[in-house]
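Under our numbering, the residue at position 224 of the sequence shown is numbered 224, and the numbers go up by one with no gaps.
Backbone N, C-alpha and C fix where the C-beta goes; we use that ideal spot for every residue, glycine too.
Since the model is a prediction, treat every value here as computed from it, not as a measurement.
One structure is given here, and the rest of the page talks about it.
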Amino acid sequence: MPNKLIYSIFSFLSVAGLSSAASAIQLCGQPAQGEILQGRADNISRIVMDGKDIRLSPQGNFLIVFGRDETSPKQFAAATSSGEVIPLSVDVNKTAWDVQSLKGVPPRKVTPSDSDLRDIEREQKLVRAGQAENTATPYWQKGFIQPVEGRISGNFGGQRIMNGIKKNPHSGMDIAVPEGIPVKASSDGIVTLAANDLFYSGNVIIVDHGYGLHTVYAHLKEISVKQGDSVKKGDIIALSGKTGRVTGPHLHWGASYNGIKFNPKSLLSLGKSNDLCFNL
Ligand SMILES: [Zn+2]
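Rendered as C-alpha cells:
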C-alpha cells in the first residue's frame, strides 16, 4: 500500500513518522506467505492493514496473516495513543507451494453440473458466514493443537490438478486418518457452522476463535456439536470421515483470519516461542 494511502486512512490524525519514542511493535512467527503471526503493540491504539482495523487486545496482543499470494513488502500502519501515525513494512518471504496431482476424484466433483453449482453457491455462502464473525474474546490466546494425528497427505497452498484439470489451490492441510477417529477442537471457541452434506466439504464444522480467526474441519463422518456451542481445546467435536470431495478418508483442517486463508500448521507454534520474534 503506498504511504499516501496509509496517511489518508489516518488523515484525521497528525503524522509524525517513526520518531515516536515509547511505542513499539513486535511480531512473532515466520514472515512468509501463508503464515499467521502474533504481535504485541505497546502504546498503540490502532493498526490498519488492507484498509481494515486489526483487533488489539487490552494488553496490545494482535494477529496478522500473510495470504498464500501475498506480495512483499507488506505495508501497513499503526497509530499511537497520542495520535501519531507510524508507517510499517514487513518483508514477506515467498513460500514454495507444491503441486498436487489427484487422480480418481469423482468426475462430478471436478466438473460440477448446473444443479451442483447451486449447491456449491449455497456451501460458499454458509462457509463465508461461518468465518465472518470478528468476536471480541481472544480464545486463540489458549494456543492450538492438531485436531487428529496422522500422515500429512496434502499441504496448504498446493496447486491442485484433479483428474488432469487445474483447480484452486488447496485451502487447508489434509491429515490421512481412517473413518471414525475422534476429531478435537484445535483451541477454545464457538461453533459457527455445523452442516451436513455440503458439495465439497461434506459434513463440516467451523469454530470461531475470536478476533476474526476461524478453523475448519471437513469431510467428517459424524458431527457432535451444533452451531452456537462453546468448545474447549481438545474437546471431541466429530468423527473423521470421507464425505464431500475426497479420494479417501482424511481430515481437512483449514484456517482463516478475517477471511484470508492461511496454513493451519502455523497455528501450532503461535505464541509458543520468543525465538521468532522481531521488532518493526
Ligand atoms: Zn483438503
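query	result
Identity of the residue in D208, P107, P169 and K103 nearest E133 by Cα	D208
Nearest residue (CA-CA) to R68, options G164, P169, L268 and A218	P169
Any non-hydrogen atom of ligand 1 within 8 angstroms of S171 CB	yes
Cα-Cα separation, I152 to G248	13 angstroms
For G154, three-class secondary structure by DSSP	strand
Residues bridged to A338 (per DSSP)	With the chain covering 1 to 280 only, the question about residue 338 has no answer from this structure.
G259 to G104 span [Cα, whole Å]	31 angstroms
Cβ-heavy atom distance, G241 to ligand 1, below 8 angstroms	no
Rounded Cβ spacing between G271 and Q141 (contact assumed at less than 8 angstroms)	7 angstroms
Strand pairing of A185, partner residues [DSSP]	In the DSSP output, where bridge partners are listed per residue, A185 has none listed.
Local conformation of G254 per DSSP, three classes	strand
At least 3 beta-carbon pairs within less than 8 angstroms: the segment 108-116 vs the segment 179-192	no
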